[in-house]
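Asks:
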Amino acid sequence: MNQKGINQRELADMIGKDETVISRWFAGKVGISRSSVELLEKALGEKLIKDKQHNMKKALITGVTGQDGSYLSEFLLEKGYEVHGVIRRNSSDHRERISHLEGTPHFHLHYGHMEDSMSLVKVVTMVRPDEIYNLAAQSHVQVSFDSPEFTADVDATGVLRVLEAVRAAGLENTCRIYQASTSELYGKVEEVPQNENTPFHPYSPYAVAKLYGYWIIREYREAYNMFCCSGILFNHESERRGETFVTRKITLAAARIAQGLQDCLYLGNLSSLRDWGYAKDYVECMWLILQNDKPEDFVIATGVQHSVREFAYYAFKHVGIELEFKGKGLDEIGVCVSDNRHSVHKKDTSLVGKALIKVSPDFYRPTDVVNLWGDPTKAKAKLGWNPNKTSFEELVKIMVDSDMAKVAGEGAAAKVRTNLAEYLEKGIVK
Ligand code: NAP
Ligand code: GDD
């Protein structure tokens, strides 16, 4: 019984849970949803909840403004965590993906940079997190060829700085750390499909930097007995994916071409193969990895592989444009063979016979990873994770539907977007 005379049984009924969940929540051992916290807040008043907040699990996310950071924040808030995100100062607003979370209870932002140990030590010492999700990175593989030193500083040394910040704060025995590792480590692949035992062969400055991150995590686990793990995640996409990654570039272009705002899409290697999953499903795995009994690394993938060409085919098909690919290498084109667009988008001209996809050498990489295909058996067995919650076809549909609505809704801004499309066509924005 608490000061308000309400017993735990009644509280449990209120949120539709077992009594043990309530007592474990009060002890800070499990999370409950935000809506449940709000119900309890109403019943118990602020003081008790404030006391409880001392027991709330705290997560710190670097890269909170990114695709994964935004989904992970939503996921952890829903689980009843207090979420702290590290953002860097920018001259323009980079917080689009988390703007809906700002101002909500239990969501806090702090300035910090992966190149600046002092800022990381300060944030970690102040927040004293139970879990850190290190997602911040220069994450674009092609850009890593243009900025290799910066990529190494953020993606390699940055991981070391996070680990040292945890030690400086005296949290090495309590704080669990997730490192956003990558299938790019397999690079010039030595085995297909790839699992936790497949040898690494990094094939870009990005991958080499991430390999350091992977090994320094293992080193701190072994040297200091810290609970730190790498999730070796294969490509995961969503409607929040950055616009210069190939899937989002394709879905945006399909939407613009369907709505008459772009003539042609220029791509690089159409034959490259990826194991594409849905980002929203993958953040659950990051959390599961840190709830495991012991610190281990996991491959997270769907186990299904498709080419860039296939992704484009399905994306265009979804907006009513059937493509046929002709030619080879730099001469390959994707020609419209049937135009079944919704009549509001059709205007007067049919696209049949037009080359809507062309290949540009601007999007070729000095070394390209072309055969990624993950084997998620270990994650399935040990974490109970379902790698096939969202199929490839559903993923394409989610992304295309979202971009169709975005492009249609942009109204006056659509003309500005056309300029960006032109840049993309000319290969200026990689
Ligand atoms: P993303 O959308 O590019 O987000 C990257 C995040 O890192 C952004 O919040 C960015 O902040 C932040 N960041 C970059 N440099 C920073 C710096 N110097 N200091 C502080 N913050 C910095 O990437 P994502 O797709 O969400 O991926 C998350 C992580 O998973 C990355 O480490 C990526 O390498 C890794 N990963 C991704 C995939 C995938 O398919 N998505 C697969 C395997 C691994 P701004 O918003 O200010 O730029
Ligand atoms: N970006 C881009 N633009 N890639 C293209 C294009 C194009 O116009 N045309 C073909 N591609 C090919 C690339 O050469 C590559 O083989 C493949 O499409 C996927 O490229 P991206 O979407 O840029 O992703 P990525 O696989 O290089 O990197 C992403 O996944 C990694 C996990 O495997 C990033 O999210 C990394 O941060 C992540 O580690």
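When the letters of the sequence shown are read in order and numbered with our numbering, they come out as residues 3 to 432. Heads up, the beta-carbon is just placed ideally off N, CA and C, and yes, glycines get one too.
1) Do you know whose CA, among 156, 135 and 321, lies nearest residue 345's CA?
2) Going along the chain, which unbroken runs of the beta strand (DSSP E) with 3 or more residues stay wholly within the region 65–89?
3) Of all the alpha helix (DSSP H) runs that stay within the bounds of the region 320–387, which reach a length of 4 or more residues?
4) Can you tell me which of 156, 13 and 96 puts its alpha carbon nearest to the alpha carbon of residue 209?
5) Could you give the residue range of the beta strand (DSSP E) that holds residue 233?
6) Residue 117: beta carbon under 7 Å from a heavy atom of the ligand NAP?
7) Hey, would you say residue 368 sits closer than 8 Å to residue 202, going by beta carbons?
8) For residue 20, count neighbouring C-beta atoms within 10 Å of its own C-beta (all shown protein chains included) and say buried if the count is 16 or more, exposed if not.
9) Could you compute how far the alpha carbon of residue 75 sits from the alpha carbon of residue 107?
10) Which residues in the same chain have their Cβ closer than 6 Å to the Cβ of residue 418, if we skip the five residues on either side of it in sequence?
11) So what does residue 136 bridge to, in DSSP terms?
12) Please return the same chain residues whose Cβ sits closer than 8 Å to the Cβ of residue 400, not counting the five positions on each side in sequence.
13) Excluding the 5 residues flanking residue 115 on each side, which residues of the same chain have their C-beta closer than 7 Å to its C-beta?
14) Quick check: the Cα distance between residue 10 and residue 59, rounded to an integer number of angstroms?
15) Who pairs with residue 112 in a beta bridge, going by DSSP?
16) Step through the CB atoms of chain B and report whether any lies within less than 8 Å of the CB of residue 182.
17) Looking at the structure shown, is residue 412 part of a helix, part of a strand, or coil, going by DSSP?
18) So, using beta-carbon positions, are residue 278 and residue 249 closer together than 8 Å?
19) Determine the contact status of residue 39 and residue 87, defining contact as a CB-CB distance below 8 Å.
20) To which residues of the same chain is residue 274 closer than 7 Å at the C-beta, ignoring the five residues directly before and after it?
21) What does residue 276 pair with, by DSSP beta-bridge criteria?
22) What did DSSP end up calling residue 268 once you bin it into helix, strand or coil?
23) Excluding the 5 residues flanking residue 343 on each side, which residues of the same chain have their C-beta closer than 6 Å to its C-beta?
Replies: Short version:
1) 321
2) 84–89
3) 345–348 and 379–385
4) 156
5) 230–235
6) yes
7) no
8) exposed
9) 12 Å
10) In this prediction, residue 418 has a pLDDT of 44, which is less than 50 and means its spatial position is unreliable; nothing more can be read from the coordinates.
11) 64 and 181
12) 240, 241, 280 and 392
13) 90 and 121
14) 20 Å
15) 88
16) Here there is only one protein chain, and chain B is not present.
17) coil
18) yes
19) no
20) 309, 310, 370 and 372
21) 308
22) strand
23) 260 and 322
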